[in-house]
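Asker:
Numbering (our numbering), first residue to last: 216 to 312.
(1) Quick one: Cα of residue 283 to Cα of residue 245, how far?
(2) Using the beta-carbon count (16 or more within 10 Å), is residue 300 buried or exposed?
(3) Tell me the DSSP secondary structure of residue 279 in three-state form.
(4) Roughly how many angstroms separate the alpha carbons of residue 252 and residue 268, rounded to a whole number?
(5) When the distance is taken between beta carbons, is residue 306 closer than 8 Å to residue 291?
(6) Tell me whether residue 281 is buried or exposed, calling it buried when 16 or more other Cβ atoms sit within 10 Å of its Cβ.
(7) For residue 294 versus residue 241, is the C-beta spacing smaller than 8 Å?
(8) Short of 7 Å in beta carbon distance, which residues of its chain neighbour residue 286, apart from the five on each side in sequence? Order them along the chain.
(9) Compare the C-alpha of residue 273 against each of 247, 225, 296 and 298 and name the closest.
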């Protein structure tokens with residue numbers, strides 16, 4: 216049986232504005248979407264919300280070369296009325312030997 220990664224990266228999502236009607240979270244390496252998740256209500260309310268990512272892609276692959284990429288970022292896309300708000304958060308990660 217293959218080993219499963221149990222480590223996760225913790226994020227805090229802060230909604231300072233109106234309640235969102237839709238939210239998607241993406242992890243990208245440059246322009247390539249590695250992981251994406253559609254939220255149906257958990258993070259919509261105003262306030263702080265915890266989110267974790269285990270490093271796996273949408274295909275269930277843990278590619279450590281992608282995790283070390285200098286162009287890795289988390290993108291949040293929130294829908295609020297007729298507005299779409301997109302925020303990119305570069306991950307300032309560094310590989311450890």
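For each residue, glycine too, the CB sits at the ideal point set by N, CA and C.
Answerer: Walking through what the data contain:
(1) Cα to Cα, the separation comes out at about 12 Å.
(2) With fewer than 16 Cβ atoms within 10 Å of its Cβ, residue 300 is classed as exposed.
(3) Residue state, collapsed to three classes: helix.
(4) When rounded, the distance between both Cα atoms is 10 Å.
(5) Contact check for residue 291 against residue 306 fails: the beta carbons are separated by 8 Å or more.
(6) Around the CB of residue 281, 16 or more other CB atoms lie within 10 Å, so the residue is classed as buried.
(7) Taking 8 Å as the cut-off, the Cβ atoms of residue 294 and residue 241 do not count as close.
(8) Counting only Cβ-Cβ distances below 7 Å, and skipping sequence neighbours, we find 244 and 245.
(9) For the set 247, 225, 296 and 298, the Cα lying nearest the Cα of residue 273 is the one of 247.
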